[in-house]
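From first to last, the protein sequence lines are chains A and B. Counting from 31, one number per residue, gives the positions in the first sequence under my numbering. Counting from 87, one number per residue, gives the positions in the second sequence under my numbering.
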Amino acid sequence: MENKKTQNITTVVGIVFLLLLVIVLEQIISPTSTMAMLLTVTKKSAIYAVVAVSMNLLNGFTGLFSLGQAGFMLMGAYTYAIFTIPRAERDAVYYYYDQAMELSFPEVFGNALGSVGFLLGVLLAIILGGLVAAAVAYVIGFPVLRLKSDYLAIATLGFAEIIRALFQWTKLGPITNGANPLKNYVRLNSFKIEMGDTTIGLSTFTTLLFATICIGIMVMLINSSYGRAFKAIREDEVAAEAMGINLYKHKQIAFCISCFFAGVGGAMLAMFANTVQANNFKSNMTFEILLIVVLGGIGSVSGSCIGAVLFVFAAEWWLRGLDSGKWLFINAPGVLRNGFRLVVFSVGIMIVILFFRRGIMGDKELPYYAKRIRDRFIINKPKAGEKENG
Amino acid sequence: MAENVLRLEDITMQFGGVVAVDNFSMEVNKGEIVALIGPNGAGKTTAFNCITGVYEPTNGRVTLHGEVIVENHPQGKMKDLYKGENNGKYTNVVSHTPDKITYREIARTFQNIRLFKALTVFDNVLIAKHMRAKHNVFSSTFRFSAKEERRMRDEALSLLEEQNLLHLKDSIASSLPYGLQRRLEIARALATEPSIILLDEPAAGMNPQETFELTSFIRQIREEYKLTVFMIEHHMDLVMKISDRIYVLDFGKMISHGTPTEVQNDQKVIDAYLGVVEDAED
Ligand SMILES: Nc1ncnc2c1ncn2[C@@H]1O[C@H](COP(=O)(O)OP(=O)(O)OP(=O)(O)O)[C@@H](O)[C@H]1O
Ligand SMILES: [Mg+2]
């Protein structure tokens, strides 16, 4: 018990430290320097981490192999964008359609309550994004959750593609803007404090804080009695049922919550990007998330976070040079051409999967390894046979 | 009159053309230890699965404490395929998922141990407490039902202590030796707070010493948890010593029932089963 407490305190202290560090970095890194990329990839990693953990909640902790993530992210992103585009901008965005939606949460709440209201409106739109995804998950859960492993994967994958097509349908244009992008909604760069002529940018901090809260809630769920029931289902459905766990009910809860956070992640991704367009939420995105989950370790939350950071940092930053002729000290414009990054990236992933079969973290969490390292190197454990009491 | 706990009436389970359990009727009274024996493939486990909601029997009725928990009659394609008796006797359909049956205080163990392998001994027992806890996913996640969680943990711990498993509470279930895995499975079943426990070959895979201890162990849990016991077992020493009554299945049909002495001296049982067991043991 004591051990658990110290672990929790260490985790919280670590996260607070990280958040403070990000605030500082955000002020000292100039947007034009090469290090500005650090902030961008940090934001994207945090968002991907939320979605990866949400996928892990299903695949790793409940044993449900679902591949619908991109579809639910799409719903979250659209919901968020639709409800945050300011009225004045709507005509410009919905150029080809008579827009049906006039409501902008940040505007409405902002007019009433100032900047607090603005934040509240943004938050509401994000949560609504999650709720829409969860509600849809609830409905498609009825047919889909009765399917077994591979069939569930195929059904959810297909469903995500249908959603993508549906959102581009011209009949829905007045709401979704058809195949055209949604833009001019509230983005991450609105999160800043302006005092005279100094600006304190808080977009990276806000993203990280929000991601932490989302992942924190999922961790609390996993460690609750319901989380244990999910693990029981993963371990053995027949035994779980015999222990009084209603399979369908618990699968549905896990599915809805996972999709809620995928929706929230989609909303955050919308805030991160400049536009929302259905075509960006292809099954490719689901496989990126799946890769992160497998890379980090199926059944490990910290694994998913580490996986997200490694994946996004490598794909968007560290390996960039491979496409543009120069990488580290190698200068070979002939070989390092467009697309070479993907080759290196795939080889790297194959190596990881071959040598860390169970991902970087297996199904263990960070504190487990921290403890093992401490036990091995720092604390001089009495050797076997020398223990107290003989 | 002894108080009836579990009653099976004309239970028939037909898989395609195979009648695994054929018109089986029986009852278990409060506080009894009743055994179900018979050769391999006789339909014993299938009978358990019909009671616990894993299978829906083709025909027949199961009653628990006077409440019908399972009832069915041949329907659809089975109407023509049905080879059993008493077609038309039952008209209602009562069917529950296994968790609802467990909730009605029937617990079970499995012939080939089904623990939550990758989880700890403590978590295995704690999971069985989930069903009766007063919480929902929201209160449980945000720790509004912390009191309930503490109660579940305390109860699980004291159960482990009673079962002499407390020192193993942080071990991974699959790392336990076979005999202890069986004990853990029983402990986990007890955690669902049953009034009747169904044990499917509790002695399978145990060494003679462990099998010997099982006799007093089963009697002991019956006293301590005020249980009724219904068990499938192949070890005749154990069965004869412990059972109040015995039912014998052969090819799905009940061929005999009665006290251990009656069953032991029944020529049909000797021909179908006991003779074979003794031959095998020689
Ligand atoms: N799901 C199923 N589908 C088809 N046939 C089944 C199914 N389950 C059981 N059977 C058949 O029913 C018969 C009875 O099997 P059951 O497992 O109940 O035997 P048992 O008495 O428990 O035997 P053992 O002592 O070996 O455990 C067997 O012939 C088996 O093949
Ligand atoms: Mg059997």
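Here a beta-carbon is modelled for each residue, glycine too, at the ideal position from N, C-alpha and C.
How about residue i: is its Cβ closer than 7 Å to a heavy atom in ligand 1?
i                : result
Lys130 (chain B) : yes
Gly139 (chain B) : no
Ala106 (chain B) : yes
Asn145 (chain B) : no
Asn109 (chain B) : no
Phe101 (chain B) : yes
Asn126 (chain B) : yes
Can you give me the start and stop residues for the beta strand (DSSP E) that residue i sits inside?
i                : result
Ile223 (chain A) : Lys222 to Met225
Ala204 (chain B) : Here Ala204 (chain B) belongs to no beta strand (DSSP E), and DSSP marks it neither H nor E.
Arg194 (chain B) : Ile192 to Arg194
Under the criterion of a Cβ to heavy atom distance below 7 Å, does residue i qualify as lining ligand 2?
i                : result
Gln197 (chain B) : yes
Asp286 (chain B) : yes
Ile318 (chain B) : yes
Taking Cβ-Cβ distances shorter than 7 Å, what residues in chain A pair up with residue i?
i                : result
Thr188 (chain B) : Ala272, Met273 and Gly274
Pro184 (chain B) : Glu271 and Ala272
Asp209 (chain B) : Arg258
His321 (chain B) : By Cβ distance, chain A contributes nothing, its closest Cβ being about 23 Å from His321 (chain B), past 7 Å.
Could you give the first and the last residue of the continuous alpha helix (DSSP H) run that contains residue i?
i                : result
Val152 (chain A) : Phe135 to Val174
Gly296 (chain A) : Leu277 to Phe302
Arg274 (chain B) : Tyr264 to Leu276
Ser75 (chain A)  : Ala66 to Asn86
Phe95 (chain A)  : No alpha helix (DSSP H) contains Phe95 (chain A), which DSSP labels as neither H nor E.
Glu235 (chain B) : Ala232 to Glu248
Pro294 (chain B) : Pro294 to Glu310
Glu271 (chain A) : Glu267 to Ala272
Phe407 (chain A) : Leu396 to Phe407
Phe197 (chain A) : Ser179 to Phe197
Arg371 (chain A) : Phe370 to Phe385
Glu132 (chain A) : Careful: Glu132 (chain A) lies outside any alpha helix (DSSP H) and carries neither H nor E.
Phe311 (chain A) : Looking at the DSSP string, Phe311 (chain A) is not in any alpha helix (DSSP H), and its letter there is neither H nor E.
Thr131 (chain B) : Lys130 to Ile137
Leu238 (chain A) : Ser233 to Ile252
Ile356 (chain B) : No alpha helix (DSSP H) contains Ile356 (chain B), which DSSP labels as neither H nor E.
Thr227 (chain B) : Val223 to Thr227
Per DSSP, residue i forms a beta bridge with which residues?
i                : result
Met112 (chain B) : B:Leu94
His343 (chain B) : B:Tyr333
Met99 (chain B)  : B:Val107
Phe316 (chain B) : B:Val120 and B:Leu284
Arg147 (chain B) : B:Glu95 and B:Glu157
Leu254 (chain B) : According to DSSP, which records beta bridges pairwise, Leu254 (chain B) is partnered with nothing at all.
Leu306 (chain A) : The amino acid at residue 306 (chain A) is misidentified as Leu; the sequence shows Val. DSSP output for Val306 (chain A) lists A:Leu212 as bridge partner(s).
Thr228 (chain A) : A:Met225
Val180 (chain B) : B:Glu157
Which chain A residues sit within Cβ distance under 9 Å of residue i?
i                : result
Leu205 (chain B) : Arg258, Lys261, Ala262 and Glu265
Leu34 (chain B)  : Outside the displayed range of chain B (87 to 368) lies residue 34 (chain B), so it cannot be described from this structure.
For a contact defined as C-beta to C-beta under 9 Å, what are the partners of residue i on chain B?
i                : result
Ile247 (chain A) : Thr227 and Phe228
Val123 (chain A) : In chain order: nothing, as chain B lies at least about 36 Å away.
Ile328 (chain A) : Per Cβ cutoff of 9 Å: no residues; Ile328 (chain A) is ~12 Å from chain B at best.
Val268 (chain A) : Val140, Pro184, Phe196 and Arg200
Quick one: which chain B residues come within Cβ less than 7 Å of residue i?
i                : result
Ile243 (chain A) : Chain B residues near Ile243 (chain A): none, gap ~12 Å exceeds 7 Å.
Leu251 (chain A) : Thr227
For residue i, which residues in chain B fall below 8 Å Cβ to Cβ?
i                : result
Ile283 (chain A) : Val223
So which residues on chain A does residue i lean against when the C-beta distance must stay under 8 Å?
i                : result
Met238 (chain B) : Ser255
Glu369 (chain B) : Because chain B is modelled from 87 through 368, residue 369 (chain B) falls outside the range shown and cannot be assessed.
Arg274 (chain B) : Met273
Ala219 (chain B) : Ser255
Thr278 (chain B) : Met273 and Gly274
Glu235 (chain B) : Ser254 and Ser255
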